[in-house]
Structure formats: C-alpha cells, structure tokens
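Residue numbers (our numbering), protein chains in the order written: chain A, 832 to 1148; chain B, 832 to 1148. Each residue gets a CB set at the ideal place from its N, CA and C atoms; glycine is no exception. Here the structure is a predicted model, which means the values were calculated and not measured. Each remark here refers to the structure printed beneath this line.
There are 2 protein chains.
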Amino acid sequence: MQHSKPGEPQILIDLSTAIIGTDGGTFQCRLVEDDTETKTGRLPFGPFVPDQHRTMEIGLRQWVGEQVGVGLGHVEQLYTFADRGRQHTTPGAPHVVSVGYLALTNQTGGQTRAWRDIYNFFPWEDWRDGEPSMLADIIYPALDSWLARHAERRASARLAFGRDGLPWGEEYVLERYELLYEAGLVAEAFADGRENAMPTPVVPGEALQLDHRRILATAVGRLRAKLKYRPVIFDLMPQTFTLTQLQHTAETVLGVTLHKQNFRRLVEKSGFLEATGKMSKARGRPAELFKFRHQERSERPLAGLRVSSGRTRSSEA
Amino acid sequence: MQHSKPGEPQILIDLSTAIIGTDGGTFQCRLVEDDTETKTGRLPFGPFVPDQHRTMEIGLRQWVGEQVGVGLGHVEQLYTFADRGRQHTTPGAPHVVSVGYLALTNQTGGQTRAWRDIYNFFPWEDWRDGEPSMLADIIYPALDSWLARHAERRASARLAFGRDGLPWGEEYVLERYELLYEAGLVAEAFADGRENAMPTPVVPGEALQLDHRRILATAVGRLRAKLKYRPVIFDLMPQTFTLTQLQHTAETVLGVTLHKQNFRRLVEKSGFLEATGKMSKARGRPAELFKFRHQERSERPLAGLRVSSGRTRSSEA
DNA sequence: TTTATTTATACTCAAATTGAGTATAATTCC
DNA sequence: GGAATTATACTCAATTTGAGTATAAATAAA
Chain A
832 MQHSKPGEPQ ILIDLSTAII GTDGGTFQCR LVEDDTETKT GRLPFGPFVP DQHRTMEIGL
892 RQWVGEQVGV GLGHVEQLYT FADRGRQHTT PGAPHVVSVG YLALTNQTGG QTRAWRDIYN
952 FFPWEDWRDG EPSMLADIIY PALDSWLARH AERRASARLA FGRDGLPWGE EYVLERYELL
1012 YEAGLVAEAF ADGRENAMPT PVVPGEALQL DHRRILATAV GRLRAKLKYR PVIFDLMPQT
1072 FTLTQLQHTA ETVLGVTLHK QNFRRLVEKS GFLEATGKMS KARGRPAELF KFRHQERSER
1132 PLAGLRVSSG RTRSSEA
Chain B
832 MQHSKPGEPQ ILIDLSTAII GTDGGTFQCR LVEDDTETKT GRLPFGPFVP DQHRTMEIGL
892 RQWVGEQVGV GLGHVEQLYT FADRGRQHTT PGAPHVVSVG YLALTNQTGG QTRAWRDIYN
952 FFPWEDWRDG EPSMLADIIY PALDSWLARH AERRASARLA FGRDGLPWGE EYVLERYELL
1012 YEAGLVAEAF ADGRENAMPT PVVPGEALQL DHRRILATAV GRLRAKLKYR PVIFDLMPQT
1072 FTLTQLQHTA ETVLGVTLHK QNFRRLVEKS GFLEATGKMS KARGRPAELF KFRHQERSER
1132 PLAGLRVSSG RTRSSEA
C-alpha cells in the first residue's frame, strides 16, 4: 500500500488553537491580525514539526507560549479538519491539514484587539437575554427556505436548532454553524465557492479566515458539553472567586442564565470548592471567596455542572 | 512561518479504523493479519490521499468498502495520534500520523480470524460477571507499586480505576489503558522501548501493533460514553430485535449487566422503538420484535441509555 | 439615621427520575 | 401436567430536580 508517489503534493499539519477565556461576562477568544484584504481574523496556529516535538500538545504549548504569552489550563484536541474546498489550497501547493485544539486560560486581554467576543461570531448562540430575535426574524425563514429543497436535512435542523418544541441544546454549536454553512447563509460558504451561497451573508455574525469559524464552533460546542460533566470551568476562573462569579462564568460559556439557588446547591454538593474564609467587597452583602480544591475527594468525582437554565437576565426580579 | 524545509521528512496520514460490532454477547472488532514476526494484529487502515477524497470520511468509507466489505453505520473521528516513540518510525522515513476512527456495523464475521473479541485486548474491562479478579490479583498490586514512585499520577489512577470507593466508570477505557502503558505493564510499553517496562507484560491482554491498542481503547471508551446520550446502539442491531437482545448488546458494549425492568422502562419511554407486531420464537415466553424508529419524534431527542448497572449475570435468580 | 436597594445565603416543597423490587403472563422442556 | 424459562406489568421508597419563599448583610439614598 503506497502512501504517496513522488511528485504528489506534500501534507503539512497545522495546529490551530481556540484559546478561550472569560472576562466579566464576555466570552473571549484570542485571535490574530485581520487579513488586510478581507478584514477577517483567524485563530493562532503553528506548524507541527514532528522532529522537534514529541507530541502535538507539547508543540502547541511551546508556540502558544512564544507567540501568545498566556498561561494555559486545560488543553484538548478537538478534531482534525481536512475537507478539500474549505481550506483554499492552491493546486500543486502542499495540502494543509488542521488539527484543532481547545485551550482554556484565565488570563484574557480585556478589550484589546487580540481578544474578541466569541458571540460576535455566533450571535445566535447567546440566549442570556432570551432567545435572540434574529433566529425567528432571519435565520429560521432562510433556513426553512433551504430545507424546503433539502428535506433530508430537516431532522438534523430540528435537533440542532430545537424546533417543533424540541429544546435548544447549548452544545450543538458546530451542528448549527454547519447547517448555516451548508445552506449558504454565512460568508465562508461564499468564500469557499459553494454554488448556493449568497454573496452577502444572510445571517449576522463576523466571519473568520479559512475554516476557523468552524474550528471555533467545535471548540465552543465541546466546552459547553464538557462543562456539564467535567470541572473544566475552574480553568477559566482566577485563584479565588465568589459563587456568583463562578455562575456568571458558566452562564457566559453556556449562553444561558441559571437558577441561582440551584446552582449554589449543585456546586456546593460537588465537593470541588474550598472556602477561603475571606470575603469579597462589592455592592450588596459580601460573598464568601472560594477556591478550587484540586485533589477532588468527591463521591461523584468528575461531576460538572448539570445545569438547567433559569429565567433570562432581563426578566429577573 | 515556514512549515518544513526541503529535506525534512514528509508527513503521511493514515486513517486507522476500529470497526466494531457485536455478535451474541461478544464484542467484536475487525482486525487484519497478524504480523508474522510478533504475532500481533492491527487495525485496518488506509492512507488519506487528499487529491482523491474530498474528506477523510469519504476516503475511509471507500477503502473500508473495498478491503473489509461490511456496511458501516455510524462513523466518527476519534483522535489524531502523532506521539513520537509510539509509532516506530525509522529515522529519515516519513512521519506517519494516524487519524483514528470509530465505525459501527451490524454485520460481524462470527468466529472468523478477522473478527476478534475486544475483551481479549482489555480483559479488565468486562465486568459482566462481576469485577474481574485480575484487577485485585495483578493490576492493582503492580499499579500501586508504580504509583509509589509516581505520586503525581495517583489522582488519575483513583478516578480511572474507581479506587477508594469511587465508582468504576465504564467510559474511562483509554485512561486505564494509558496508565497501564505509562506504568510499563503492557507489552506495547516494552515494544516502544520505555525504560520502566517489563520484557514480559505484567497485565494479561493481547497486544496490537504500533499504538493500535490505544486507538481501540479510545474507540471503546468513546462508544461507551456515547451510548449514554446518543442512540448509536441501534447501529449495532439487526433490522428487528427484542428488548432482551437490545439489552444484551448494551451490556456487551458497556461491560456491565443492567437491571432488566428498568432498562425496558428507559428504552420504551425514549420513543426510539416501534413495535412490529411480530414475535420472536425462543425458549420462554415469546418477546415482541421492535425496530428502530428513525424519525425520532421523542421529546428527549437524542437520549441514549443512561444506564445503571444491575446485578451481575452470575448472581441472577 | 432610617429606609430602600442590592446581593448572598438558607430553607421548602412538589414533581420527576432512579434504583430495586414483586407479581404475573406466556411459552418450551420433560 | 408441572417445572423451568423468559417477558412484561406494576409498585414503592429514595434521590434529584425545578422553582420558589424567607432572611441576612452589606451599601446608597433620603
């Protein structure tokens, strides 16, 4: 079994990383400079050089340390992307395969150009103030008109977007983005030359270069899912924090609001928190500061936040 | 940012696939011929040739169709493996990166050489007759002696193997295998030249070539986890089946026994089943034959089997 | 210096889900 | 015909979940 004949284009491997953090209610991702021509950003990436790095994660941590300069917590391989037509290869040039990674940090850059709000790219994913009106106003009509010609995708669309009374599943971020791409409603579909794509994107939301919005969607979906069964949220938190700060971080990631009392009950029962005895100073009653107990001695060892959403922030009493 | 200078070894991509099925209580994986020298089998794989296949999954389905000749249901990318030292590359030769895939089939080859019982490779994973005695007799003593010198891995080992009263998590198949590998207790650790590895493997269980047992462990862990929240089990079933057959398949995959009455309640409530009206003929009371209702109209759309184990088969009344 | 406002925390309660049974029905085996 | 075997129906207590009310401790405003 021959792999490739001499003269065939070579394969190169990129490690594209979604570095994610939160900052006071915004959900942030590290991006690098916009393409001067198309004005779109991209994820930081580095090449995988097998001779230099024993594993891909070691390689990734090195160039992230050099180029981005933030400390990383949880790092996780997401998916390997190799679809032709979504990475703009010139014929004859080496084929680039992207291995997507998710990396969490608790050091975001605030309001700098480099850190951007993730919900800029997926505005339909933020339900903290209730269902975004663009779903009913723009997305569903456009999607339905495409589904009329693609009945075989109806079931996927129902599940991904929670139509016909099905619940909205926070974690289906990738499935939703891919449906919008397939339907030709986002800018990347036109950039990739799909024949059904509109020259002007139908659905609001900033684009990224190549398939980086797809990688970011994968990262957000995976993070949202993982939050529910692994204690990864603490990699987004500072050393000490109040329960309300913890809840706001969870809400920011999940894009929903949570029931405060039940969140407290859940998180206290989990055994991951250790009271520091100190108090936060803020407006109302001071809140106790907690820290993450690393040597988790809980009976439900890896429990995360099996959250259920509360009311929307706007309707709070 | 240069990817690779001319003269650097090329990167090749393999698609290594764990094709998994069940056959009357055995948990099977398709393997290809043993290495004549080491007598170990390997997973089927094929090269990814970007010029020929638009996506990796298309390429995979094609060569699986040609070489293996079974129909595949659910296909899912698992992980991309590129660790140096676990793939036996000759210096100067091209670097091989393996993209691991899980594929499900309901057509297994019965007792042929090509289909092997997965629990041959992971005998400690089969708890259907209670906790395998090798855990207490062999694995735990050997692991503990290694952990005495590697205190930093204690917490992982407790969680992976469910020690100190923690529950055994069926889905941590990869985590368990990797700990045994790290501790030098499986044959591959010696084959890879790890300095702490025993020449004769301490822990029972057949080895595979390269890192294929690791890929298989990833596949089994992913399948066990997915079973609990997606209806993938039906890709392992024939067209029609009884509830007991369905339960046995779930037990085979998960490696535990389940409470019969509660399994029935769970699966009936899920809305995935459609009664055919026909009955199975077997020993005791005939059972109704069901089929999978593809256009799932359930309120809990993607619910899988949130199973909880019952008593062991041997202790059944 | 009260009083309102804000935030934190404690506790309640009904509904739903889960874990583990018992009871009974419809077959085959002997 | 009776025992064994398998399938299915139903029960019940414990736990978990969803959604509150009640109260405490601070600051801001009157």
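Legend entry - Cβ shell of residue 938(A) (< 8 Å), same chain only, five flanking positions each side left out: Non-local beta-carbon contacts of residue 938(A) in its own chain, meaning distances under 8 Å to residues more than five positions away in sequence, involve 852, 901, 902 in chain order.
Inset, instruction - Can you tell me which of 908(B), 917(B), 916(B), 914(B) puts its alpha carbon nearest to the alpha carbon of residue 913(A)? - result: Nearest option by C-alpha distance: 908(B).
Inset, instruction - Give the straight-line distance between the Cα atoms of residue 777(B) and residue 862(B), rounded to the nearest whole angstrom. - result: Nothing about residue 777(B) can be reported from this structure: the residues present for chain B run from 832 to 1148 only.
Legend entry - Contact under 8 Å by Cβ, residue 842(A) with residue 844(B): Their beta carbons are under 8 Å apart, which means residue 842(A) touches residue 844(B) by this criterion.
Inset, instruction - Determine, using beta carbons only, whether residue 843(A) comes closer than 8 Å to chain B. - result: Interface residue, yes.
Inset, instruction - Hey, could you find the ends of the beta strand (DSSP E) residue 858(B) is sitting in? - result: Residue 858(B): member of the beta strand (DSSP E) spanning 857 to 861, first to last residue.
Legend entry - Paired residues, beta bridge with residue 929(B) - DSSP: In DSSP, residue 929(B) forms a bridge with 845(B), 912(B).
Inset, instruction - Would you mind telling me which residues of chain B sit closer than 7 Å to residue 905(A), beta carbon to beta carbon, in chain order? - result: From the beta-carbon of residue 905(A), no residue of chain B is found nearer than 7 Å; the closest lies around 14 Å away.
Legend entry - Coarse secondary structure for residue 1119(B), derived from DSSP in three states: Looking at residue 1119(B) - three-state DSSP - the assignment turns out to be strand.
Legend entry - Span of the alpha helix (DSSP H), counted from its first residue to its last, around residue 877(B): Unbroken run through residue 877(B) is the beta strand (DSSP E), 876 to 878; no alpha helix (DSSP H).
Legend entry - Partner residues on chain A for residue 910(B), Cβ-Cβ distance less than 8 Å: Simply 908.
Inset, instruction - Compare the beta carbon distance of residue 1084(B) and residue 1055(B) with 8 Å and say whether it is the shorter of the two. - result: Taking 8 Å as the Cβ cut-off, residue 1084(B) and residue 1055(B) qualify as a contacting pair.
Inset, instruction - Answer yes or no: do residue 1064(A) and residue 1048(A) have a C-beta to C-beta separation smaller than 8 Å? - result: Result no, Cβ atoms of residue 1064(A) and residue 1048(A) do not sit closer than 8 Å.
Inset, instruction - Under 7 Å between beta-carbons, which chain B residues line up against residue 919(A)? List them in chain order, please. - result: Going along chain B, no residue has its Cβ under 7 Å from residue 919(A), so there is no contact; the nearest lies around 13 Å.
Inset, instruction - Pick helix, strand or coil for residue 1098(A), following the three-state DSSP scheme. - result: If DSSP states are grouped into helix, strand and coil, residue 1098(A) belongs with the helices.
Legend entry - Simplified DSSP state of residue 948(A), which is helix, strand or coil: Residue state, collapsed to three classes: strand.
Inset, instruction - Within 10 angstroms of the Cβ of residue 847(B), are there 16 or more other Cβ atoms? Answer buried if so, exposed if not. - result: If you draw a 10 Å sphere on the C-beta of residue 847(B), you find 16 or more other C-beta atoms in it, and that means buried.
Inset, instruction - Flag residue 975(A) as yes if its beta-carbon sits less than 8 Å from any beta-carbon of chain B, otherwise no. - result: For residue 975(A), the answer is no, since every Cβ of chain B falls outside 8 Å of its Cβ.
Legend entry - C-beta neighbour in chain B for residue 913(A), strict 8 Å: For residue 913(A), the answer is yes, since a Cβ of chain B falls inside 8 Å of its Cβ.
Inset, instruction - State yes or no: is the beta carbon of residue 881(B) nearer than 8 Å to at least one beta carbon in chain A? - result: Chain A contact via Cβ: present.
Inset, instruction - Provide the residue(s) that pair with residue 1124(B) in DSSP beta bridges, ordered along the chain. - result: The partner list for residue 1124(B) (beta bridge, DSSP) is empty, contrary to what the question assumes.
Legend entry - Candidates 897(A), 928(A), 922(A), of which the one nearest residue 911(B) by Cα: Closest by C-alpha distance to residue 911(B), out of 897(A), 928(A), 922(A), is 928(A).
Inset, instruction - List in chain order: all unbroken alpha helix (DSSP H) runs of 4+ residues lying wholly within the region 1030 to 1065 of chain B. - result: Along the region 1030 to 1065 of chain B, the alpha helix (DSSP H) occurs as fully enclosed runs of 4 or more residues at 1043 to 1058, listed in sequence order.
Inset, instruction - Check the C-beta distance from residue 872(A) over to residue 1039(A) and give it rounded, since I have them as a contact under 8 Å. - result: Approximately 6 Å separates the beta-carbon atoms of residue 872(A) and residue 1039(A); this is inside 8 Å, confirming the contact.
Legend entry - Limits of the alpha helix (DSSP H) - the one that residue 1011(B) falls within: Residue 1011(B) -> alpha helix (DSSP H) spans 1004 to 1013.
Inset, instruction - Quick one: measure Cβ to Cβ for residue 1003(A) and residue 1044(A), integer angstroms, because I've assumed they're closer than 8 Å. - result: No, residue 1003(A) and residue 1044(A) are not in contact; Cβ-Cβ is about 15 Å, not under 8 Å.
Inset, instruction - Return the first residue and the last residue of the beta strand (DSSP E) that residue 1104(A) is part of. - result: Taken as a continuous stretch (DSSP letters only), the beta strand (DSSP E) holding residue 1104(A) covers 1104 to 1110.
Inset, instruction - Can you give me the Cβ contacts of residue 857(B) inside the same chain, cut-off strictly under 6 Å, excluding the 5 residues immediately before and after it? - result: Cβ neighbours of residue 857(B) beyond the five flanking positions: 948.
Inset, instruction - Write down the C-beta distance between residue 997(A) and residue 988(A) rounded to the nearest angstrom, noting that I regard them as a contact closer than 8 Å. - result: Their Cβ separation, rounded to whole angstroms, is 10 Å, which puts residue 997(A) and residue 988(A) out of contact at 8 Å.
Legend entry - Residues sharing a beta bridge with residue 851(A), DSSP: Looking at the DSSP output, residue 851(A) bridges to 860(A), 935(A).
Inset, instruction - Indicate the three-state DSSP secondary structure (helix, strand or coil) for residue 992(A) in the structure shown. - result: Annotated three-state conformation of residue 992(A) is helix, per DSSP.
Inset, instruction - Locate the alpha helix (DSSP H) running through residue 890(B), then write down its first and last residues. - result: Where residue 890(B) is concerned, the enclosing alpha helix (DSSP H) stretches over 887 to 898.
Inset, instruction - Name the two residues that bound the continuous alpha helix (DSSP H) containing residue 1082(A). - result: First-last of the alpha helix (DSSP H) with residue 1082(A): 1074 to 1085.
Inset, instruction - Measure the Cβ-Cβ separation of residue 896(A) and residue 879(A) and say whether it is below 8 Å. - result: Cβ atoms of residue 896(A) and residue 879(A): not closer than 8 Å.
Legend entry - For residue 956(A), the three-state DSSP class (helix, strand or coil): In this structure, residue 956(A) counts as helix in the three-state DSSP scheme.
Inset, instruction - Kindly indicate which three-state DSSP category residue 873(A) falls into: helix, strand or coil? - result: Of the three classes helix, strand and coil, the one that applies to residue 873(A) here is strand, per DSSP.
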